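Top to bottom, those sequences are chains U and F. First residue of the first sequence: 1, per UniProt numbering; consecutive thereafter. First residue of the second sequence: 1, per UniProt numbering; consecutive thereafter. Glycine included, each C-beta is placed from N, C-alpha and C at the ideal position. Given the structure is predicted, the values throughout are model-derived calculations rather than measurements. Some notes on the structure that comes next.
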Amino acid sequence: MKDRLLPYWLLIPAFVIVLATTIYPLAYSFVTSFREWDLTKQRRPGGFVGVDNYLHAASESGFQNSLWVTTIFVVTSVALTLVIAMSLALLLRRKGRMHTFTRIILILPFAMSPALIGVSYRFMFNPEFGVLAKGIGAVFPSLEGTPWLADPDLAMAILVLTDVWHWAPYMTFMCLGGLASIPRETEEAARVDGASNLRIVFGIILPQMKGVLLVTAVLKTIFALKMFDQVVTLTGGGPGVSTETLAFFVFNVGFKWYDMGYASALAWILTAIMMVISIWYVRMLLSERKMATA
Amino acid sequence: MAEIRLVDIEKKYGNFLAVPKQSLTIVDGEFLVLLGPSGCGKTTTMRMIAGLEDITSGDILIGGDRVNDKPPKDRDIAMVFQNYGLYPHMTVRQNIEYPLKLRGMAKADRAARVQETAEKVELDALLDRRPSELSGGQRQRVALARAIVRKPRIFLMDEPLSNLDAKLRVTMRAELKHLHHELGVTTVYVTHDQMEAMTLASRVAVMREGRIVQLDTPKRIYSEPADLFVAGFIGSPSMNLIEGAIRGGVFTAQGVSLPVTVSDRDDVVLGVRPEDLEIIQRDEAPIQGRLYALELTGDSTLVTLRTGKASVCARGPADFEAEINAPCHFAPKPGVRIHLFDRTSGQRIDGDAAQGTAA
Ligand SMILES: Nc1ncnc2c1ncn2[C@@H]1O[C@H](COP(=O)(O)OP(=O)(O)O)[C@@H](O)[C@H]1O
Ligand SMILES: [Mg+2]
Chain U
1 MKDRLLPYWL
11 LIPAFVIVLA
21 TTIYPLAYSF
31 VTSFREWDLT
41 KQRRPGGFVG
51 VDNYLHAASE
61 SGFQNSLWVT
71 TIFVVTSVAL
81 TLVIAMSLAL
91 LLRRKGRMHT
101 FTRIILILPF
111 AMSPALIGVS
121 YRFMFNPEFG
131 VLAKGIGAVF
141 PSLEGTPWLA
151 DPDLAMAILV
161 LTDVWHWAPY
171 MTFMCLGGLA
181 SIPRETEEAA
191 RVDGASNLRI
201 VFGIILPQMK
211 GVLLVTAVLK
221 TIFALKMFDQ
231 VVTLTGGGPG
241 VSTETLAFFV
251 FNVGFKWYDM
261 GYASALAWIL
271 TAIMMVISIW
281 YVRMLLSERK
291 MATA
Chain F
1 MAEIRLVDIE
11 KKYGNFLAVP
21 KQSLTIVDGE
31 FLVLLGPSGC
41 GKTTTMRMIA
51 GLEDITSGDI
61 LIGGDRVNDK
71 PPKDRDIAMV
81 FQNYGLYPHM
91 TVRQNIEYPL
101 KLRGMAKADR
111 AARVQETAEK
121 VELDALLDRR
131 PSELSGGQRQ
141 RVALARAIVR
151 KPRIFLMDEP
161 LSNLDAKLRV
171 TMRAELKHLH
181 HELGVTTVYV
191 THDQMEAMTL
201 ASRVAVMREG
211 RIVQLDTPKR
221 IYSEPADLFV
231 AGFIGSPSMN
241 LIEGAIRGGV
251 FTAQGVSLPV
261 TVSDRDDVVL
271 GVRPEDLEII
281 QRDEAPIQGR
291 LYALELTGDS
301 TLVTLRTGKA
311 SVCARGPADF
321 EAEINAPCHF
331 APKPGVRIHL
341 FDRTSGQRID
351 GDAAQGTAA
């Protein structure tokens, strides 16, 4: 064997594993999205139907509802997470015993499994015995007995809240990393030049955090687009269809109604949305880089 | 313009005493350099003046007002940082304009002032670039422009030239000196480079472990160092320091015997600068040994001889040549200064320093 070929031989096992575990299922679902496949009737994918599955999505109210729910969810949860994470990072970046302690306990929400978070919050918002429901009722008596998860808007708000609670700590750490890389001198120069604290944050720190915030926003957007676990365990998509996110809807189509062709098409629509966002983000980041180092 | 007075100021970081209690007055319009090795508390002292660091005890007065509790922006200072601290997301113009904008100057006035300042430091062609598109020297000038644009009462500069290459450093040094002459603003300048200190300062404060060990004009720091630390720190190559004793009016060490006007004592260190020594060919020279090294520096040759444990360096003519290990003789040039220090305390002995003998 020639030495020149050895590296390729060595790569083959990894290549085969990647092929088998990701490329194959991806390709399979892509092909399936152009076929008819009702799991209740057929054991194998049926005939090709062209883009029918995609056309069906365009006119179906369940899908349109899930798109709308997802949009609301993504926008509010990304915005809230970023604002909270950035604010926490600004508060926690100084050194000190309390700061270190707070940073450590901040890891806890992120360490919890999303499914568990959903179940816990479901209990905590139970109007009969939930800790949070009772607590809120004690502070605001008019809210006593509110059926939190039975109201479409409130259920959505709680879904967003749990997601922010889960992700904000992690994003705080990303922001802390970004803050640490800003030269302290730019901030001190601004202080000497006469800037107030607020101006330093908005005029000096945030502009330098642009790259980090962009990465954080895109990661959070992609995670939010895939929101599934907490929907299952917290709201079950309800009340009605008011919290049926796209990922949850795809799951229902596939594994409740057994329409595999349509489910595959929907999954690919979700993938396309994420790809567009990722590409847009890479371009933004590249132009940002170019500005910083040109 | 204003006088700065530090009265009994002290700075502790937890239990670590960075700057011990001391006082310092910087007179109106002066160029004061804080000089000392890295970690001796120069930056800390400057940051206390700027208000970027709380002082543990003592008072800081600027122009007669106690400013201890005033934030940096109310002290009417401008600062140039070691790494410049330019705002990377702003153009050169916006960087220079920022202090004016923060102080609410009208837009038209700002533009005129930025233009005028940029011309002064020769940046007018680069106003629309970003800091990342500039060379080190240009960034340095932006930092300088941002400091002078507001016409503050005090300039604080923390090692502003240390990130530049040697050649640019010399050019910028001259520009700084000219700028100070032109503006006449009280300036505190931090450096660990004794050459910068000597060339720029009206007065130099030599610091060691947080303490000011000598505060004097560059000339006197050079000609009359207060102790062994200053003697060794100032001058390049540094002063020869030889341990010995004084016996019968003569400083004696192995291979060295120099008449001095100090009464007999033990534990003395004699100091003599390389440029104050000359190479002679007589056998009964005051400093005798064997040639150890020759270093040509261009305009002169550094000649090092070894005697016993000590080595002594003299600045000789550029064309000096000799064999290594050949016998070698130095003598102080006529009328130059010989310095004597107490070996244990390090303090200078005899302010009225002894004269070297004519060779
Ligand atoms: N924020 C800080 N916390 C603790 N120690 C510090 C801090 N800043 C400086 N020091 C210590 O104070 C001493 C003086 O530092 P500095 O003023 O920066 O020295 P220089 O500028 O002369 O190099 C150093 O020993 C340094 O380690
Ligand atoms: Mg320093």
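Residue i - containing beta strand (DSSP E), residue span
i	result
Asn252/U	It is not in any beta strand (DSSP E) - Asn252/U instead sits in the alpha helix (DSSP H) that spans 246-255.
Arg211/F	211-216
Pro259/F	256-259
Thr191/F	186-191
Pro239/U	Unbroken run through Pro239/U: none, as it is neither H nor E.
His89/F	Unbroken run through His89/F: none, as it is neither H nor E.
Spatial neighbours of residue i in its chain, beta-carbon cut-off 8 Å, leaving aside the 5 residues before and after
i	result
Arg150/F	Ala78, Pro99, Leu100, Arg103
residue 363/F	Because chain F here runs from 1 to 359, residue 363/F falls outside it and cannot be looked at.
Ser257/F	Val250, Phe251, Pro286
Ala353/F	Confidence in Ala353/F is poor, its pLDDT being 44 and thus under 50, which makes the residue's placement too unreliable to answer from.
Val213/F	Val206, Met207, Ala226, Asp227, Phe229, Val230
Lys309/F	Gln254
Residues near residue i by beta carbon distance below 6 Å, same chain, minus five either side
i	result
Val49/U	Glu36
Pro109/U	Trp165, His166, Pro169
Leu80/U	Val164
Glu244/U	Ser66, Val69, Gly237
Leu179/U	Ala89, Arg93
Arg66/F	Asp59
Pro218/F	Met198, Ala201, Val204
As assigned by DSSP and simplified to three states, the class of residue i
i	result
Thr162/U	helix
Cys40/F	coil
His339/F	strand
Ala228/U	Reading off the sequence shown, one finds Phe at residue 228/U, where the question assumed Ala. In this structure, Phe228/U counts as coil in the three-state DSSP scheme.
Asp54/F	coil
Gln288/F	strand
Ser345/F	coil
Asn163/F	coil
Pro20/F	strand
Ile273/U	helix
Thr172/U	helix
Gly316/F	strand
Lys333/F	coil
Ser311/F	strand
Test item: CB-CB of residue i and residue j under 8 Å
i	j	result
Gly137/F	Pro183/U	no
Thr162/U	Leu234/U	yes
Val250/U	Asp259/U	no
Leu24/F	Gln194/F	no
Glu3/F	Gly63/F	yes
Ile9/F	Met48/F	yes
Ser181/U	Val218/U	no
Val114/F	Arg130/F	no
Thr43/F	Val190/F	yes
Leu291/F	Ile324/F	yes
Classification of residue i by the beta-carbon crowding that lies within 10 angstroms, buried from 16 upward
i	result
Gln208/U	buried
Gln152/F	Position check: residue 152/F holds Pro in this sequence, whereas Gln was assumed. The residue in question, Pro152/F, is buried, as its Cβ has 16 or more Cβ neighbours within 10 Å.
residue 309/U	In the structure displayed, chain U extends from 1 to 294; residue 309/U sits before or after that span and is not available.
Glu187/U	buried
Glu30/F	buried
Gly210/F	buried
Trp280/U	exposed
Gly244/F	buried
Met275/U	exposed
Pro64/U	Residue identity check: residue 64/U is Gln in the sequence provided, not Pro. Burial call: exposed.
Ala143/F	buried
Phe129/U	exposed
Tyr13/F	exposed
Phe248/U	buried
Bounding residues of the alpha helix (DSSP H) (the contiguous stretch that carries residue i)
i	result
Tyr54/U	52-59
Met209/U	Met209/U -> no alpha helix (DSSP H), and no H or E assigned at all.
Leu144/F	136-148
Phe155/F	Here Phe155/F belongs to no alpha helix (DSSP H); instead the beta strand (DSSP E) covers 154-158.
Gly135/U	131-139
Asp109/F	107-120
Arg247/F	From DSSP, Arg247/F is part of no alpha helix (DSSP H) but of the beta strand (DSSP E) over 240-247.
Residues near residue i in its chain [Cβ-Cβ closer than 7 Å; skip 5 each side]
i	result
Phe125/U	Leu132, Ala133, Trp148, Leu149, Ile158
Asp28/F	Met1, Ala2, Glu3, Thr186
- Measuring from each Cβ to the nearest heavy atom of ligand 3, keep the ones under 6 Å and list them in chain order. For the structure depicted, ligand 3 is absent and the ligand set comprises only ligand 1 and ligand 2.
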